[in-house]
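Chains as they are written, first to last, in my numbering: chain P, 1 to 591; chain G, 592 to 1182.
Note that CB positions come from ideal geometry on N, CA and C, so glycine has one too.
No experiment lies behind these values; they were computed from the predicted model shown.
2 protein chains.
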Amino acid sequence: MHMSECLHKDSIGPVSFYDKKLTLGKDGFVLESGKSLPEVSVRYETYGTLNEDKSNAIWVCSPLTADAHVAGWYKPDDKHVGWWDSLIGSGKAVDTDKYFVVCSNVLGGCKGTTGPASIDPRTGMPYGSTFPTITIGDMVHAQKQLADELGIRHFYCVIGGSMGGFQAMKWAIFYPELIDRVILIATSPGFSAQALGFEIVGRDAITQDPNYNNGDYYDKQIPAAGLANARKLAHITYLSAKGMEARFTRNDIRIEHPEKFYSGSSLETYLDHQGTKFVERFDANSYLHIAHATDTFDLATEYGSLENAFKNVKATFLNVNLSTDWLFPPDQSRQITEALLNDGKVVTSLELDTQFGHDGFLIECGALGMAVSRFLGGHLGEVKTTGTPAFHSHKDISIIDSMIPAGARILDLGAGDGLLIDTLWNKKKVTGVGVEKNFTNILGCIERDVPVIEKKLSLKTLESFADNSFDYAVFNRTLPEVRNQRLMLREIMRIAKHAIITFPNFGSWEMRWALCYHGRMPKSPEFPYEWYETPNIHCFTYRDFVRLTEAEHLEIEKIISLNEHGLSKVLTKLGLVNLGTERVVAMVKKA
Amino acid sequence: MHMSECLHKDSIGPVSFYDKKLTLGKDGFVLESGKSLPEVSVRYETYGTLNEDKSNAIWVCSPLTADAHVAGWYKPDDKHVGWWDSLIGSGKAVDTDKYFVVCSNVLGGCKGTTGPASIDPRTGMPYGSTFPTITIGDMVHAQKQLADELGIRHFYCVIGGSMGGFQAMKWAIFYPELIDRVILIATSPGFSAQALGFEIVGRDAITQDPNYNNGDYYDKQIPAAGLANARKLAHITYLSAKGMEARFTRNDIRIEHPEKFYSGSSLETYLDHQGTKFVERFDANSYLHIAHATDTFDLATEYGSLENAFKNVKATFLNVNLSTDWLFPPDQSRQITEALLNDGKVVTSLELDTQFGHDGFLIECGALGMAVSRFLGGHLGEVKTTGTPAFHSHKDISIIDSMIPAGARILDLGAGDGLLIDTLWNKKKVTGVGVEKNFTNILGCIERDVPVIEKKLSLKTLESFADNSFDYAVFNRTLPEVRNQRLMLREIMRIAKHAIITFPNFGSWEMRWALCYHGRMPKSPEFPYEWYETPNIHCFTYRDFVRLTEAEHLEIEKIISLNEHGLSKVLTKLGLVNLGTERVVAMVKKA
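Below, the structure is given as structure tokens:
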């Protein structure tokens, strides 16, 4: 993966690593397999200061081939800063002025923590082929013991991207009481079959290398060719197809080339470089063991279902997927969000647009940083929410408020910057989750601590919500924006017991007058857009809506006519409700 | 890849292969590299009968690891029929009752045609490391000479999927005068950088195998492990992520497994099987040489641009991509269509929905067969076009006809079953291409020989069309179906000199009356849909349209009011055009 190559001057500065030999009982460090390691040493780094009540610790879980060096630099002439230096530091998203940040090298690694290349104290020789199978759970257990020994008993947040996300989920599952927040980035509940396929091929490339020798090569030639080829393959999966297309160029090589089977692409030297660099910095046995831990990580299989895996977690989650990531594809990442939602947990989910594929989690620190900062209670970067001021206005909110009882759980479809849920939470402990498509609005939601799912409104959006998982679904002015209102109403009545729908009435006298008199598509305060660019793709009248509820056998529990114009008020008083209503607020349920 | 496993009884029946030693001059078979082979023998199969005027030959180009055995079986107890048996045979899409079908094994292969494992007559030993670099062009040259020697001088069609598509494109470029039709399936103008990356890794897996010995292994152990691993990797790229997810299952293997680093997925044994099977049937040197020919195939680099590559082709093209194919992704396949269109060539392009990824081209023979059959002039399978009868009615067509001069080139946006272009072609040699999203409508277009591009109407759809590449763009009732009419008009005026737009008038008296009197979203013969499911997402009035053309500085060259109702006719006569017009036909151009 690309190391973030920020300037040293923006970095937290000089840092050190520490090695801690864990204090173990006579059974040593017992692994999930039942086997044990006689001793475990963990390399880690810390930045910032643990505060007096020990409430400001943030634990960073490292991805597959990274290390404990997540921020800062060791020597002024270091070519690289830590691998997440762009996210972690003074005044950055994970602000080391406020938080005590810890990152350790994983168990099984080759960057200071006990792994296959470490000396087995029982033999005085490297473990090699005798190193036992390890799991993501084992990695987390080693980290937990390190935390204990560092005096950290509570975690403001646990953060992990990629395989780091696997660990972060295990943290939340193992120690639900200790963790306030979890941030997952570009991760999934386990590898897809496709990703696993690449893992298998990469693994075989190493184990088929004649120098591999079942893992006992430390006093001989290392399996460099196999390891390099495994890395080349893995590296391709870290990039996006689009990003690769833009980056590499082709030569016309219809004439014979000195290097046999040379493809004629600049990708050749790039991949060679990636392979060579990796062989210099990583041990093949560590790669095999850590990769195997990720291969066998599969929460749904291990716990029976993903919902089951998360049923006891207590943390609030931020789950971020990357648009062009196909190693941990958005759809898989969303499964985490969906399971948490179906468990009634608190989760916010973002869809980060990037062309960098999986590597984006190390590169896209701008948007990601703003979201992470807000999730941690900070305010990094300027955010202008774009919600039209009229929307989720105080009037809307007070009417919707009047319909929703204290303690209800709501789904706000088109949540804007989260004002509705925020207000109802503060007033009467209404919980809920928003669905919103606009990223800056979503940052607004995060800033308000309103859980929000980044999605466009569509039938597909709602598929993943469990039956009756909400008391109220709210469409505040968003129902005209979907493709099929009839199917949408059906879907909503599957998910929520009640629906509260506000919509501008295309049947008001103003609309009728504008169309009849001017012969043009009407505009009004309720319909402020030009016809060719309105988000309202299916407008409808008060009467249309009532007829549709009848056809769908829904009971209108309450229906409120809103109007501002004097004539509208008069018409409504005269009983000409469809004419007099500028906007409708209706609450419906299954009849 | 999966071999099609149709029942023998549907198959063409027993077939034979033939070997032909090409007649070569003293320079032997000269390759594009300048090197030559002293002799070339080609294995091929033929089905059906070459007719008297030799006009019914269909040439099938084979993909990477296939052979000449494309249909039928050799012995009644054969486990498999030919690799495209589902598409080729008596009464099938490529109907051997009508056509004389030929398929040969490619140059460099190991299935009967001269390749690295063949005996070099100069040494009496297999070529091995001395086999020269070959190209896709070389493969086609060998096929052309075979065709010459078989007495075939004209090709009703050349068909190729995957690498077969590479050859088919070269056929069309090398021999433009000889080929009537080209069918390309799941192919591209060259590998994407991502696909090339996998090729590089697979190649290295073979060449790093210690048994490879620079290709001289025929009297020793073969590089089986490397070849198997290359195949495993390639096989993953033939499947879709979704298809793999559905197919393979996971075991919970947190306890140590006898096989070290076993991933716990049924994918392991599947991939092992694919690798082993491949090693039994394919030669590593052939794989390397043929793969290298595909790696270095890149029409845009070779000819300067894709448009340049195709500028002299004369054939009519059918270009089919597969929705989940990520080895030859739809976007890349579309580049072929776009280049052909920008060259003014005749091309129909299909987007075939499949969950089988690239392998779909061997599996999805239902829909594909119906399209191929029609493109070849057949009628395989029943097709019911879904176009509402009112659309592209004879009245519409006669009005549009009156606006378009003979010989013009038109783009029909929402082409239905192609009636408009078909009619105008027959009447006055108007050429053009349709854009249509419905597959059965598209089959209707193909049956009428109307070139059509399968796409939804959107701004993005039109991006790829070159400036001023059409005389007329026609939106027959489809403009209200797009998201932003203003931007759409701009985009259309970039592509075409004139636009002809027909749309239902939301400002007609009927609409106004329905909204005003009933207070409901209006329905009429021109607006036949319920408000919640109408495809018209931005309705507009006659006047709205005129205002928009003014704002966009377009000149309305002609505008026609259509009406059926008596009152509409009266109102129009009274000069109340917006009230009296039920439907508008307008022709506009840049002012």
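Secondary structure note for G/F1136: it is in no beta strand (DSSP E), and the uninterrupted alpha helix (DSSP H) holding it is 1133-1142. Taking every protein chain shown into account, the CB of P/N426 has fewer than 16 other CB atoms within 10 angstroms, so this residue is exposed.
Collapsing the DSSP output to three states places G/L913 in a strand.
Secondary structure note for G/A906: it is in no alpha helix (DSSP H), with a DSSP letter that is neither H nor E.
Along the length of the region 989-1050 of chain G, whole beta strand (DSSP E) runs at least 3 residues long occupy 1000-1004, 1022-1027, 1043-1045, reported in chain order.
Taking the Cα of G/E871 as reference, the smallest distance to any Cα among G/F839, G/A819, G/K823, G/F908 is reached at G/A819.
Chain order gives the chain P residues near G/W1122 as Q485, F506, H538, C539, F540, T541, D544, L548, where near means a beta carbon separation below 9 angstroms.
DSSP, read as helix, strand or coil, puts P/K590 in strand.
Our two residues, G/T867 and G/S709, have alpha carbons roughly 23 angstroms apart in a direct line.
Residue contact with chain G for P/T46: absent (no Cβ-Cβ distance below 7 angstroms to any residue of chain G). In the DSSP assignment, G/Y894 forms no beta bridge with any residue.
Residue contact with chain G for P/A193: present (Cβ-Cβ distance below 7 angstroms to some residue of chain G). Contact between P/A68 and P/Y99 does not hold, since their C-beta atoms are separated by about 17 angstroms, which reaches or exceeds 8 angstroms. Three or more beta-carbon pairs separated by less than 8 angstroms are not found between the region 849-860 of chain G and the region 670-685 of chain G, which leaves the two stretches without contact. When DSSP states are grouped into helix, strand and coil, P/R477 belongs to the coil group. With a threshold of 7 angstroms between beta carbons, P/T301 makes contact with chain G.
Within chain P, F506, C539, F540, T541, D544 have C-beta atoms less than 8 angstroms from the C-beta of G/M1112, given in sequence order. Comparing alpha-carbon positions, the option among P/R153, P/Y542, P/W531 lying closest to P/K523 turns out to be P/W531. The criterion of a C-beta distance shorter than 7 angstroms is not satisfied by P/F155 and P/L184. Interface annotation, G/F691: not in contact with chain P, CB-CB separation never under 7 angstroms.
For P/E436, the number of other beta carbons within 10 angstroms of its own is at least 16, and it is reported as buried. Put simply, the CB of P/M169 is far from chain G, with every gap to its CB atoms at 7 angstroms or more.
A residue is called buried once 16 or more other Cβ atoms fall within 10 Å of its Cβ, and P/R122, having fewer, is exposed. P/V433 sits away from P/I404, with the two beta carbons spaced by 7 angstroms or more. P/M125 sits exposed, since fewer than 16 C-beta atoms from the chains shown fall within 10 Å of its C-beta. Between the alpha carbons of P/L37 and P/G108 lies a distance of about 11 angstroms.
By the CB criterion at 7 angstroms, P/D325 and P/A186 fall inside the cutoff. Going by beta carbons, G/L862 and P/I236 fall outside the 7 angstroms limit. Within chain P, the residues placing a beta-carbon under 9 angstroms from that of G/H883 are K260, F261, Y262, S263, ordered along the chain. Excluding its 5 nearest sequence neighbours in each direction, P/T461 has C-beta neighbours in its own chain below 7 angstroms: V435, K455, listed in chain order. A direct Cα-to-Cα measurement between G/D886 and G/Q865 gives close to 22 angstroms. Within the region 745-799 of chain G, the complete beta strand (DSSP E) segments at least 3 residues long are 748-752, 772-776, listed from N- to C-terminus.
G/T640 counts as exposed, since fewer than 16 other beta carbons sit within 10 angstroms of its beta carbon. DSSP lists P/E45, P/V60 as the bridge partner or partners of P/C103. Counted as a single uninterrupted DSSP element, the stretch harbouring G/I1091 is not any alpha helix (DSSP H) but the beta strand (DSSP E) occupying residues 1087-1095. Note that the C-beta distance between P/E338 and P/L352 is not below 7 angstroms.
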